[in-house]
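Notes to accompany the following structure.
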Amino acid sequence: MTLRITQSMLFTRALQDIRNSSRGILRAQEQVATGRRLNRPSDDPSAMLRLLPLRAELQDFANLTENTHLADETLNAAASALEEASSVMTRLQELLVQASNGTISTSDRKSVGVEVDQLLRHMVGIANSSRGGSSLFGGTRTESAPFQLVEVDGRAHVAYRGASERHEIEVAPGVSTTLYAPGNQYFQRTDRSATTITGTTGAKSAGAHDTGSGYATLDVTFAQLDPTTLPSGITPGSGIANSTAVGPLSFAFTAAPASLSIGGGPPLAVPVLNGEFRTANGDTLYLDVATPVSPATGTLLGEADLSTDLGKTVTRVDFSTSPVAVRDSLDDSVLHVDVSTLQRTGSDVVTFHGTFDVFTALIAVRDTLQNPGNLSADESQLRLQSLIDEVSNAHDAILTGLQEVGIRGSNLELLRSRLDNLIASDTDNLSNIEDADLAETISEMTQKQFNFEASLQVSARIVQTSLLQFLR
Amino acid sequence: MSFGIGLNAGLKALAAARYGIETAGQNVANANTPGYSRQRLIQASAYPFWVNGGLQVGTGVEVSDIRRLVDEGIERRLRLQLGIHGSAEVDFARWSELESSLNEPAGGLSNNFTDLFGSLSKLQTQPSSRALRGGVVQEGSSLAQAMNELTRRLSDIERGSLTEIKGYVREINEHAEAVAKLNDQIAVAENGNGGSANDMRDARERHIKEISRLADVRVLERSSGAVDLQIDGTLLVAGNRASKLAASQGDDGKSMLTLAGSDVELSPSGGRLHGLLRHEKTEIPALRAKFDRLAHNLALEFNRIHTTGVPLAGYYESSLGANAVQDLNGNGVLGDDLLSRSGLPFDITAGEVYLSVTDKESGEIEQTRIAIDPDSMSLQDVADAISAVANMQASVDPAGRLRVRASSGYGFDFSPRLDPNPDSLGTFGGVQPSHASSSSGPFTLTVPSTLRITVDGSNYDVNFTASQFANPAAATVDEVVDAIQSNTAFANVGMATNVGGRLVIRSNSSGSGATLGLSQPGPGTPLTDLTLPTPPNTVNGQDRGVNVKIGGSFTGEQNGGFTFVADGAGTIGVTSGLTISVYDADGTKVATLDAGPETKLLDNSPIEVADGVTLQLGPGSLTQGQVFHVATVADSDTSDLLVAVGLNSFFHGSDAGDIRVNPDLATSPSLLAASLDGDQGNAANLDRLLSLREHALGSLDDSSIEDFYGDIVGEVGFEAAGAEALIYAEDELLTSVQAQRDSVSGVNLDEEMIELVKYQQAFEAASRFINTVNELTETLINLGR
C-alpha cells in the first residue's frame with residue numbers, strides 16, 4: 269500500500285530514532301564508565317552463567333594462595349625448629365666425643381652430663397614449639413604440647429601425646445599439604461631391629477616384638493625355691509634370698525660321709541644350716557639340709573623375678589614357659605625374654621637396637637655420664653663409644669625430617685606457580701567475559717553519537733520542510 | 011431558463027468552497043490532536059433539470075457529508091497493539107526491578123556464597139581460632155540476611171501490585187463512564203439526520219484506546235452508533251450504561267479483578283493489568299519458590315553436616331532443638347504425634363542416629379545406635395530412646411522442642427567418629443577369661459538342651475527351652491544372650507553378650523587365676539550348635555589385658571562395622587603365625603592382620619586395617635575366637651532427625667524468608683562443629699562442609715547450591731533481556747500501526763494547504779460566476795430600458 273506521510277508520522281519517527289540512538293549511547297557510556305560489558309544479568313545472560321562460577325573459582329584460588337603463604341610460614345617455622353634440633357645434636361656429638369676420650373676425669377664427665385641434661389630439656393622445648401598458639405609437631409592435636417618428659421626415680425622417658433593424624437590444608441585444587449605433622453615422625457622416628465641382652469645372667473632376647481627403646485636394665489633376682497621340687501631334708505636357708513643360682517638345679521646326696529652337691533658343684537658336708545652351696549658355674553644357693561635327703565638325687569627349681577623398671581613391676585619366672593613378657597611400668601613397653609638359658613641373678617643391659625631416637629639418645633648419654641647405676645669406668649667408656657653411632661643415627665632422623673620439610677617447601681613453590689598460572693588464566697577468561705573492550709566500545713560509542721547527530725540533523729531538516737514555506 | 015438557476019448554482023458553489031475551506035481549517039487546527047481523524051468534504055453535482063425536452067442543465071454542486079477518514083481494521087489492530095504494548099511495558103519494568111533486586115554481578119548472593127565458603131576454608135587452616143570461627147558465623151549470617159532481604163524485596167514488589175492495579179482500575183472506570191456518555195450523545199446526534207458525529211466518535215475512540223492500553227477490550231458497534239465494551243467476555247459498557255471494575259485482595263492474598271458487586275474473577279489477556287496480574291500470580295511466586303528451595307536445601311545440607319560434627323570442646327553438654335513439633339492430632343499433648351505427621355520443617359525418613367557419649371574424665375567414648383522410624387515413633391519416643399542411653403537425658407519441652415542433656419561429667423555428640431576404645435567389655439584378650447562363637451547367628455539350636463558354664467570351678471547350667479526362642483532352628487544371638495542371662499546365678503558371676511553378631515560368654519572375675527570353661531552335659535549339644543569351642547576349653551584370664559586402640563577416620567560409604575577375631579591362641583608379638591581376621595558388616599573378610607613376631611600392631615604408629623580405620627594393640631595374650639567390634643559410621647544420621655528437630659544446627663529456619671544462623675553460634679562460636687573426632691586441630695567436618703560446594707544435589711535439579719543460584723540469576727537475566735527486546739519490538743510495532751493509522755486518518759499539512767488553495771480558487775471562480783451571471787442579468791435589464 270502507498271503510505272500517506274503525515275507530519276505527525278515524521279515527528280514520531282524522528283522521536284523514535286532519537287530515542288533509539290540515545291539508548292545506544294547510554295549503554296556504550298555505561299560500559300566505558302564501568303569498564304565492564306556485563307553490568308546486569310540481562311546484558312548477556314549466558315555469559316553470566318559462566319561468570320558466577322568463574323568468580324567463585326577465582327575467590328577459591330585467592331584463598332588457596334593465602335593457604336600457601338600460611339603453609340610456607342609454618343614450614344619455615346618447622347624447618348628452623350628442626351635446624352635448631354640438629355644443632356643440639358651436633359653439640360651432643362661434640363660432647364660425646366670429648367667425654368668418650370679416656371683421659372677425662374669423673375667430675376668433668378658429670379659436668380658434661382649436666383650440659384647434656386640441659387640439651388635434653390632444650391630438645392623437648394624445641395619439639396614442643398608452637399606458632400600462633402598451635403603446636404608445630406602435634407598433628408591435629410594443636411592445642412597442647414605434644415611431647416612430655418616423664419621422670420620417675422631418675423629414669424626419664426619422653427612420651428608423645430600428640431595426634432597421629434596430619435593436619436592438612438588445601439593449597440591447590442585437590443592438593444593438600446601437611447601444616448602440622450605428627451612430631452614423633454621427626455623426633456621419634458626409629459627403625460627397630462633385634463633386641464640384645466648382654467650380661468651374665470644367661471637371659472636372651474626372645475626375638476619377639478619388643479616395644480622398649482634405648483637402653484634398659486633387666487634385673488634378675490632370686491624369688492624362691494619351687495616348694496614342689498624340694499626333697500625331704502632340704503629347706504631354704506635363712507640367706508636363701510642372697511642366692512645367685514636360678515633355674516633347674518640338680519642335686520646329689522651321698523650318705524657316707526653325708527654330703528650334698530648342687531648343680532654339679534663341690535659337695536658340702538651335711539647336715540648344715542644356711543650352707544653356701546656352689547654350683548659348677550660358681551653360683552650360690554643357701555640351704556638348710558638335714559639327713560637323710562630323700563630322694564637322693566633330683567632337680568630343684570630356683571624361681572626368678574624379672575624386672576626392667578627397677579623392681580616396680582616384677583614378672584615371676586617358673587621356667588615352665590618361655591619366652592616371658594616383662595613389662596616396664598614407666599613407658600608401658602614390653603621386653604620378651606628367652607629364659608631357657610637363664611641361670612643366675614644379676615643386672616643385664618638390654619639394648620633395643622635401632623630405637624635410639626633423639627630423646628632416648630640424649631637420655632642414654634646423660635645417664636651414662638652421670639652414671640647413677642655406678643657402671644665401671646671401662647663400661648661407661650664402652651657405652652659412650654657405642655652411643656656415638658646411635659646419636660649420629662638419631663641426628664640423621666632429624667636431618668631426614670629437615671629434608672622432608674624442605675621438599676614440602678619446594679613442592680609448595682611449584683604448587684604456587686601452578687596456582688598463579690590458574691589465577692592468570694581465570695582472570696583472563698573473566699576479563700574476556702565481563703570487561704568491555706575499551707577501544708571497541710569507544711569507537712562504537714563514537715559511531716552511535718554520529719548516528720545520533722545525523723538523525724537529529726535530518727529530522728530537523730525534514731520537519732522544517734513544508735509547503736507552507738513556499739506558499740505566499 | 012431563468013437566471014435564478016445560475017445564481018443558485020453559484021451560491022451552492024460558494025457554500026461548498028466555504029465548507030471545503032472550513033474542513034481544511036479544522037484539519038489544520040487538529041493536526042496535532044491525538045486521536046483526531048481527518049475529515050473530508052463529500053460533494054456531488056446537483057440534479058440537473060431538463061430544457062427543451064432532452065437537454066439537461068446542471069444546477070451546481072451539493073455538499074452531502076463531512077466524513078472522518080477512518081479504517082476500522084487499523085483501529086482494531088491499534089487497540090490490540092496498545093494492549094500488547096502495555097503488557098510488555100509492565101513485563102519490562104517488573105523484570106528490570108527483579109533483576110536489580112538480585113544486584114548481580116556487583117554484590118549479590120554469589121558474593122555471600124563465596125565469602126561463606128572462603129571463611130570455612132580459612133578456618134580450616136586453624137580450626138581452633140575463635141576469630142575465624144566468628145568469621146564463619148558472620149558470613150553465614152550475611153548470606154542468610156541477604157536471602158531474607160531478597161525475599162522481602164520480592165514480596166514488596168508482589169504486594170505493591172494491588173495498589174498499582176487499583177489505580178488502573180480507577181482510570182478504566184473513568185474512561186468507561188466517558189464512553190457510555192459519548193455513546194448516548196452519538197446515538198442522539200446521528201439518529202435521524204444521517205450525519206456522522208465525527209468529533210464525538212474521535213473522543214470515544216480515544217477513551218477506548220486508553221482502556222485498551224490497560225486491559226484489552228472487545229468493541230462491538232451497534233446500529234445506533236453506540237459501542238459495547240467487553241473485558242474477558244464480560245460487558246463493561248453496554249450502550250449508555252457503564253459497569254464498574256473493582257480490584258481487591260483475594261483469598262490467596264493476591265489481587266483479584268472483578269466487576270463491582272460480582273465475584274467472578276476477570277483476567278484480561280492484554281494490557282498493563284494483564285502484565286501486573288501475571289507477575290503477581292505467576293512470575294514472582296515462581297522466583298520466590300526457587301529461592302525458598304535454595305534456602306531450604308542449603309539449610310538441609312549444611313545442617314546434615316553440622317549436626318553430626320563435634321564442637322571445639324569435643325562434645326556438647328546440652329542442646330535444645332530449634333524446631334518444635336505441632337499438636338496435629340489435636341489431643342493437647344505435644345510430642346506424641348508421629349514424626350512423619352508432626353509439622354517439622356524437614357522430612358524424617360526411616361534410618362538411624364549414632365549417639366556418642368564422652369566421659370570427660372577418661373575420654374572414653376560409648377557409641378549407641380538409635381533406630382528412627384517416622385511412621386511409628388513420636389518425638390517423645392526419640393527422647394525416651396536417648397534417655398535410655400547411659401548418662402543421657404532427653405525430653406520434649408513445653409514448646410514441643412527436643413532437649414538433650416548429658417549427665418555432669420559427660421558430653422555427647424552425634425558424629426560418625428570411631429570409638430577409640432571399642433573393647434570396653436574386654437572380650438578381646440581382656441583380663442577376664444572369655445569364649446566366643448566362631449560364627450555369627452542365627453544358630454540352629456536343638457531344644458531342650460543344657461549348656462554348662464564353669465566359672466572358677468563352679469558349674470552353672472543354662473537350660474535352653476523352646477519358649478525362649480521364636481524359632482529355635484534360627485535362634486538369634488540376642489535370644490541366646492537373653493536365655494543365658496536369665497540364669498541369675500550365672501549372671502552374678504559372668505555375662506553373655508552380642509559382640510558384632512557373635513555370641514560371647516565372659517567371666518566377671520579377672521586375673522591369671524580366673525578360669526572359664528564350657529561343656530555340654532546333655533541333653534543336646536549346645537556348644538556345637540552355637541559354634542562354641544568344645545572341651546577341653548578351659549581358659550585363664552590374664553593380669554594385664556590387651557589394650558585395643560582404634561584410630562583414623564572411616565572413609566567407607568555405608569554404615570556398618572568391623573569385627574576383629576583372633577584366629578588362634580597366643581601372645582601378640584611372640585607366637586608365630588598368630589593372626590587377627592577382620593570382617594565387615596556383611597561377614598566378608600576385609601583384612602588379615604599379622605600379630606606374630608613381625609607384627610606392626612604394637613608399634614607407635616597405627617596400622618590401617620581398611621577404609622581409613624587404624625588399629626594399635628598393646629601386648630598380651632589372645633584366646634582363639636576372641637572378638638571385638640567397632641562400629642564404622644559413614645553417616646551418623648541417615649534419618650535427618652537431627653536436621654528436622656534442629657539440634658546443633660548451623661542454620662535455623664527452612665526457607666529464604668526465615669533462614670538465619672543459629673543464634674547460639676553467634677554468642678559462642680566454639681559451638682561451631684568443625685571437627686569429627688574432638689581434636690582441636692581436626693577440620694574434617696569443615697572438609698565435609700567445603701565439599702558441599704562441589705556436590706550436585708538431587709533436590710536442586712542435580713546442580714550445586716551455587717550453580718542453582720547461578721541458574722536463577724541466568725534465568726532472570728534471560729527474562730529481563732527478553733522483556734527488553736520485546737518492549738523495543740512492541741514499540742516499533744506500535745509506531746508502525748500508528749503510522750498506518752496516521753496514513754489513513756492523520757493530517758498532512760501540505761495536503762490541507764492544497765485543499766485550501768483549491769477551495770479558495772473554487773470560491774473565487776464561483777464569485778466570478780456569480781458576477782458574470784449578475785452582469786448578464788444587468789445587461790438583460792438594461793435591454794428592457
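Protein sequences appear in the order of chains D and B. Mapped onto our numbering, the consecutive letters of the first sequence carry residue numbers 269 to 740. Mapped onto our numbering, the consecutive letters of the second sequence carry residue numbers 11 to 795. For glycine and all other residues, C-beta sits at the position ideal for the given N, C-alpha and C.
Boundaries (first-last residue) of the beta strand (DSSP E) holding residue i
i	result
B:Ala446	444–446
B:Arg163	From DSSP, B:Arg163 is part of no beta strand (DSSP E) but of the alpha helix (DSSP H) over 140–200.
D:Gly501	500–504
B:Ile358	Run containing B:Ile358: none; DSSP gives neither H nor E here.
B:Arg78	71–78
Contact with chain B by residue i, beta-carbon distance below 8 Å
i	result
D:Arg359	no
D:Pro640	no
D:Ile502	no
D:Leu404	no
D:Arg308	yes
D:Ala491	no
D:Asn335	yes
For residue i, the first and last residue of its enclosing alpha helix (DSSP H)
i	result
D:Gly515	That residue, D:Gly515, is in no alpha helix (DSSP H); its beta strand (DSSP E) goes 515–522.
D:Gly393	374–395
D:Pro560	D:Pro560 -> not in any alpha helix (DSSP H); beta strand (DSSP E) instead, spanning 552–562.
D:Ser354	313–368
D:Thr636	626–638
B:Glu785	759–793
Buried or exposed (CB count within 10 angstroms, at least 16 for buried), residue i
i	result
B:Trp60	exposed
B:His639	buried
D:Lys378	exposed
D:Arg429	exposed
D:Ala462	exposed
B:Asn796	The requested residue 796 of chain B does not occur in the structure, where chain B is confined to residues 11 to 795.
Residue-level contact to chain D via CB, residue i, 8 Å cutoff
i	result
B:Lys768	no
B:Asp369	no
B:Met157	no
B:Glu728	The amino acid occupying residue 728 of chain B in the given sequence is Phe; Glu does not appear at that position. So, interface residue.
B:Glu99	no
B:Gly720	yes
B:Glu147	The question names Glu, yet the displayed sequence has Val at residue 147 of chain B. It does not: the Cβ of B:Val147 has no partner Cβ on chain D nearer than 8 Å.
B:Gly622	no
Residue i versus residue j - alpha carbon distance
i	j	result
B:Asn158	B:Asp407	29 Å
D:Glu544	B:Gly521	37 Å
B:Ile722	B:Ser664	19 Å
D:Met269	D:Gln284	For D:Met269, the predicted structure reports a pLDDT of 45, less than 50, and the residue's modelled location is therefore unreliable. The matter cannot be settled from this model.
B:Asn547	D:Arg595	28 Å
D:Thr410	D:Ser402	5 Å
B:Met11	B:Gln66	Note that B:Met11 scores 46 on pLDDT, short of 50, meaning its location in the model is unreliable and no value can be drawn from it.
Cross-chain neighbours of residue i in chain D, by beta carbon under 9 Å
i	result
B:Gln690	Ser402, Thr408, Arg409, Thr410, Glu411, Ser412
Residue i beta carbon near the ligand PLP (any heavy atom closer than 7 Å)
i	result
B:Leu389	By its list of ligands, the structure shown contains no ligand whatsoever, and the ligand PLP lies outside what it can speak to.
Under 8 Å by beta carbon: chain B residues contacting residue i
i	result
D:Leu447	Thr135
Partners in chain D for residue i, counting only beta-carbon separations shorter than 7 Å
i	result
B:Gly561	Ser432
B:Glu181	Those do not exist, as B:Glu181 stays about 24 Å from chain D at its closest Cβ, beyond 7 Å.
Closer than 9 Å at the beta carbon, the chain B residues around residue i
i	result
D:Gln299	Per Cβ cutoff of 9 Å: no residues; D:Gln299 is ~14 Å from chain B at best.
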